[in-house]
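Beneath this line is the structure, given in structure tokens, with notes to follow.
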Amino acid sequence: MSDLIKTNELESTTVSQEHLLQITNLRKYFQINKPFLKKNRVFLKAVDGVSFNLDAGKTVGIVGESGCGKTTMGRTILRLYDVTDGQILFNGMDITKLKGEALRKVRPQFQMIFQDPYSSLSPRLPVGEIIGEAVRVHSIVPKSEYKDYVIDIMRKCGLQPHFFGRYPHEFSGGQRQRICIAKALALKPKMVICDEPVSALDVSIQAQIINLFKDLQAQDNLAYVFISHDLSVVEHISDQVGVMYLGNMVEFADKKDLFANPMHPYTQALLSAVPVPDPDVKMNRIILHGDIPSPANPPKGCKFHTRCSKCMDICAEVEPEFKDYGNGHCVACHLYSQGENNNK
Numbered sequence: 000m001s002d003l004i005k006t007n008e009l010e011s012t013t014v015s016q017e018h019l020l021q022i023t024n025l026r027k028y029f030q031i032n033k034p035f036l037k038k039n040r041v042f043l044k045a046v047d048g049v050s051f052n053l054d055a056g057k058t059v060g061i062v063g064e065s066g067c068g069k070t071t072m073g074r075t076i077l078r079l080y081d082v083t084d085g086q087i088l089f090n091g092m093d094i095t096k097l098k099g100e101a102l103r104k105v106r107p108q109f110q111m112i113f114q115d116p117y118s119s120l121s122p123r124l125p126v127g128e129i130i131g132e133a134v135r136v137h138s139i140v141p142k143s144e145y146k147d148y149v150i151d152i153m154r155k156c157g158l159q160p161h162f163f164g165r166y167p168h169e170f171s172g173g174q175r176q177r178i179c180i181a182k183a184l185a186l187k188p189k190m191v192i193c194d195e196p197v198s199a200l201d202v203s204i205q206a207q208i209i210n211l212f213k214d215l216q217a218q219d220n221l222a223y224v225f226i227s228h229d230l231s232v233v234e235h236i237s238d239q240v241g242v243m244y245l246g247n248m249v250e251f252a253d254k255k256d257l258f259a260n261p262m263h264p265y266t267q268a269l270l271s272a273v274p275v276p277d278p279d280v281k282m283n284r285i286i287l288h289g290d291i292p293s294p295a296n297p298p299k300g301c302k303f304h305t306r307c308s309k310c311m312d313i314c315a316e317v318e319p320e321f322k323d324y325g326n327g328h329c330v331a332c333h334l335y336s337q338g339e340n341n342n343k
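In terms of numbering that gives the first Met the number 0, the sequence shown has 48 at position 49, counting the first letter as 1, and numbering is strictly consecutive.
This is the structure:
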């Protein structure tokens, strides 16, 4: 694999606790054919060189179209997928190559809430056992406090104590999502990756769950990577926002900067689609033409140039660098100076 990608030199022994999570040049490729010759292998580049940092007690929102690699990135950070290339530093520890018992010991510190709640819940276990199974395995609380602890977590997530002995098929989609949230929070993690955690809930319930996330963050100094299609939810809960397109991070900035001054044409198109609850306000909608290209055969140069109304000749030939243009506002676009001497 190393002969197929350009690998930046990374100091695998680097230990830094400046950020809770540091992602550097993360890549995850899936081989989609089995040719006789090694040189004829074809890879689907689901995550293709993503870098960002996350601090304790903060939330990074990740947005983008379906198929851009958001969920794969989250699963790779949690090491549910092996890393193709790059580095993941969690709480100062390099977890990129951890395996077996070493990985199992650190797993309680980072959890994930999956997009499809039903497929992530065992149909053979009651709710109390689903939430408490890992609590027992990792000895989060003494055995005498086990049931009270699980019921307390259920209450915090809006689940009644008498649900303890019921099974997942007895619940609605929204209630199943609450079970998943309780299951993740029961291990007292330092970071939770939330993959569309409120998409299955009614709007009124979404607000309750978002407020629950924020309350738990304030109490336990939790960090979130919040993956969502709903930009209004991302704006409400996030401190920083990253925009992904076809496996790449095309823009990353503080929430206020990104929503007030989107620099990348793709970000501008996404924000133009957000409805405004005012009949007198007319939005200048930016329509993206064409479909998202295949990550197995991405366009040369800037991957977005095939759909960009501001495309220039250089966009089809040269891949733009992901650069900081001031105050941590990073963009990968040829509309802005790419020269190192001109970078703010």
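From the three backbone atoms N, C-alpha and C, an ideal C-beta is built for every residue, glycine too. All values reported here derive from a predicted model rather than from experimental measurement.
Exercise. Could you check where the alpha helix (DSSP H) with Ala-133 kicks off and where it finishes?
Worked result: Indexing the sequence shown from 1 puts residue 133 at position 134. It spans 126 to 136 - the alpha helix (DSSP H) in which Ala-133 sits, taken as one unbroken run.
For this session: Compare the Cα-Cα distances from Met-248 to each of Gln-337, Cys-301 and Phe-258 and report the closest residue.
Result: Taking the sequence shown and counting its residues from 1, the one referred to as residue 248 is at position 249. Taking the Cα of Met-248 as reference, the smallest distance to any Cα among Gln-337, Cys-301 and Phe-258 is reached at Cys-301.
Exercise. If you draw a straight line from the alpha carbon of Ile-178 to that of Phe-163, how long is it in whole angstroms?
Worked result: In the sequence shown, counting from the first residue as 1, residue 178 sits at position 179. In the sequence shown, counting from the first residue as 1, residue 163 sits at position 164. Each residue's CA atom was taken as its position, placing Ile-178 and Phe-163 some 10 Å apart.
For this session: Using three-state DSSP, classify Arg-103 as helix, strand or coil.
Result: If you number the sequence shown from 1, residue 103 lands on position 104. Correct three-state label for Arg-103: helix.
Problem set entry | Status (buried if at least 16 other CB within 10 Å, exposed otherwise) for Val-232 | Against the sequence shown, residue 232 aligns to sequence position 233. Per the 10 Å Cβ criterion, buried.
Exercise. Where do the N-terminal and C-terminal ends of the beta strand (DSSP E) with Gly-172 fall, by residue?
Worked result: The sequence position of residue 172 within the sequence shown is 173, counting from 1. Element bounds for Gly-172: not the beta strand (DSSP E) but the alpha helix (DSSP H), 172 to 184.
Exercise. Is Asn-220 closer than 8 Å to Ala-55 when the C-beta atoms are compared?
Worked result: Here the question's residue 55 lines up with position 56 in the sequence shown. Here the question's residue 220 lines up with position 221 in the sequence shown. Taking 8 Å as the Cβ cut-off, Ala-55 and Asn-220 qualify as a contacting pair.
Exercise. Below 8 Å between beta carbons: does that hold for Phe-109 and Pro-196?
Worked result: For the purposes of this step, residue 109 is taken as residue 110 along the sequence shown, with counting starting at 1. For the purposes of this step, residue 196 is taken as residue 197 along the sequence shown, with counting starting at 1. No.
Exercise. With distances taken from CA atoms, which of Ala-272, Ser-308, Pro-274 and Val-273 is nearest Gly-289?
Worked result: Walking along the sequence shown from the start, residue 289 turns up at place 290. That would be Ser-308, whose Cα lies nearest to the Cα of Gly-289.
For this session: Using alpha carbons as the reference points, say which of Phe-113, Gln-21, Glu-316 and Lys-255 lies closest to Asn-326.
Result: Walking along the sequence shown from the start, residue 326 turns up at place 327. When the alpha-carbon of Asn-326 is set against those of Phe-113, Gln-21, Glu-316 and Lys-255, the nearest one is in Lys-255.
Exercise. Sorted by chain position, which residues of the same chain lie with C-beta nearer than 6 Å to Tyr-28's C-beta, five sequence neighbours on each side aside?
Worked result: Looking up residue 28 in the sequence shown gives position 29. Contacts found: Phe-42, Lys-44 and Thr-83.
Exercise. Who are the Cβ neighbours of Gln-239 in its own chain at under 6 Å, not counting the five residues just before and after it?
Worked result: If you number the sequence shown from 1, residue 239 lands on position 240. Here the set comprises Val-59 and Asp-253.
Problem set entry | Nearest to Ser-171 (by Cα), restricted to the options Glu-128, Ile-204, Arg-40 and Met-262 | For the purposes of this step, residue 171 is taken as the residue at position 172 of the sequence shown. Out of Glu-128, Ile-204, Arg-40 and Met-262, Ile-204 has the C-alpha closest to the C-alpha of Ser-171.
Exercise. Span of the alpha helix (DSSP H) holding Glu-234?
Worked result: Residue 234 sits at position 235 when you count from the first residue of the sequence shown. Run containing Glu-234: 230 to 236, per the alpha helix (DSSP H) assignment.
Problem set entry | Distance between beta carbons of Asn-52 and Gln-21, contact taken as under 8 Å | As a first step, residue 21 is located in the sequence shown; it is residue number 22 there, counting from the start. As a first step, residue 52 is located in the sequence shown; it is residue number 53 there, counting from the start. Their Cβ separation, rounded to whole angstroms, is 5 Å, which keeps Gln-21 and Asn-52 in contact under 8 Å.
For this session: Count the other C-beta atoms from every protein chain shown that fall within 10 angstroms of the C-beta of Asn-90, then say buried if there are 16 or more, exposed otherwise.
Result: Residue 90 sits at position 91 when you count from the first residue of the sequence shown. By the neighbour-count rule (16 or more Cβ atoms within 10 Å), Asn-90 is buried.
For this session: Measure the CB-CB distance between Arg-186 and Leu-215 and report whether it falls below 8 Å.
Result: Against the sequence shown, residue 186 aligns to sequence position 187. Against the sequence shown, residue 215 aligns to sequence position 216. One point to set straight first is that residue 186 is Leu, not Arg, in the sequence displayed. Contact flag unset, no.
Exercise. Apart from the five residues just before and just after His-168, which ones in its own chain have a Cβ nearer than 7 Å to its Cβ?
Worked result: For this step, residue 168 is matched to residue 169 along the sequence shown. The residues are Pro-122.
Exercise. How long is the line joining the alpha carbons of Thr-12 and Thr-23, rounded to whole angstroms?
Worked result: Against the sequence shown, residue 12 aligns to sequence position 13. Against the sequence shown, residue 23 aligns to sequence position 24. Model confidence at Thr-12 stands at a pLDDT of 36, short of 50, so the residue's coordinates are unreliable; what they give is reported in the following sentence. Rounded to whole angstroms, Thr-12 and Thr-23 show a C-alpha spacing of 14 Å.
Problem set entry | Same chain, Cβ closer than 7 Å to Arg-78, neighbours up to 5 away in sequence not counted | Along the sequence shown, one-based indexing puts residue 78 at 79. Apart from sequence neighbours up to five positions away, the residues of its chain that approach Arg-78 with a beta-carbon distance below 7 Å are Ile-94, Leu-97 and Leu-102, ordered along the chain.
For this session: Give the straight-line distance between the Cα atoms of Gln-176 and Lys-213, rounded to the nearest whole angstrom.
Result: The residue labelled residue 176 in the question sits at position 177 within the sequence shown. The residue labelled residue 213 in the question sits at position 214 within the sequence shown. Taking the straight line joining both Cα atoms gives about 17 Å.
Exercise. Should Leu-25 go down as buried or exposed, given a rule of 16 or more other Cβ atoms within 10 Å for buried?
Worked result: Counted from its first residue, the sequence shown places residue 25 at position 26. The residue in question, Leu-25, is buried, as its Cβ has 16 or more Cβ neighbours within 10 Å.
Exercise. What are the start and end residues of the alpha helix (DSSP H) that includes Gln-267?
Worked result: For the purposes of this step, residue 267 is identified with residue 268 of the sequence shown, where counting begins at 1. Gln-267 -> alpha helix (DSSP H) spans 264 to 271.
For this session: Could you please give the first and the last residue of the uninterrupted alpha helix (DSSP H) stretch that includes Asn-210?
Result: Here residue 210 refers to the residue found at position 211 of the sequence shown. Per DSSP, the continuous alpha helix (DSSP H) segment holding Asn-210 begins and ends at 202 to 219.
Problem set entry | Span of the alpha helix (DSSP H), counted from its first residue to its last, around Gly-63 | The count along the sequence shown starts at 1 and reaches residue 63 at position 64. Careful: Gly-63 lies outside any alpha helix (DSSP H) and carries neither H nor E.
Exercise. Hey, how far is the Cα of Val-14 from the Cα of Leu-287?
Worked result: Position 15 of the sequence shown holds residue 14. Position 288 of the sequence shown holds residue 287. Reliability fails at Val-14, whose pLDDT of 44 lies under 50, so the model's placement of it is uncertain and no value is given.
Exercise. Given a threshold of 16 other Cβ atoms within 10 Å of its Cβ, counted over all protein chains shown, does Phe-35 qualify as buried or as exposed?
Worked result: Looking up residue 35 in the sequence shown gives position 36. Per the 10 Å Cβ criterion, exposed.
Exercise. Alpha carbon to alpha carbon, how far is Gly-68 from Asp-47?
Worked result: Within the sequence shown, residue 68 is the residue found at index 69, counting from 1. Within the sequence shown, residue 47 is the residue found at index 48, counting from 1. Going from the Cα of Gly-68 to the Cα of Asp-47 covers about 9 Å.
Exercise. Taking Cβ to Cβ, would you say Ala-181 is nearer than 8 Å to Ile-226?
Worked result: Locating residue 181 in the sequence shown gives position 182, counting from the first residue. Locating residue 226 in the sequence shown gives position 227, counting from the first residue. Not in contact: Ala-181 and Ile-226 (Cβ atoms no closer than 8 Å).
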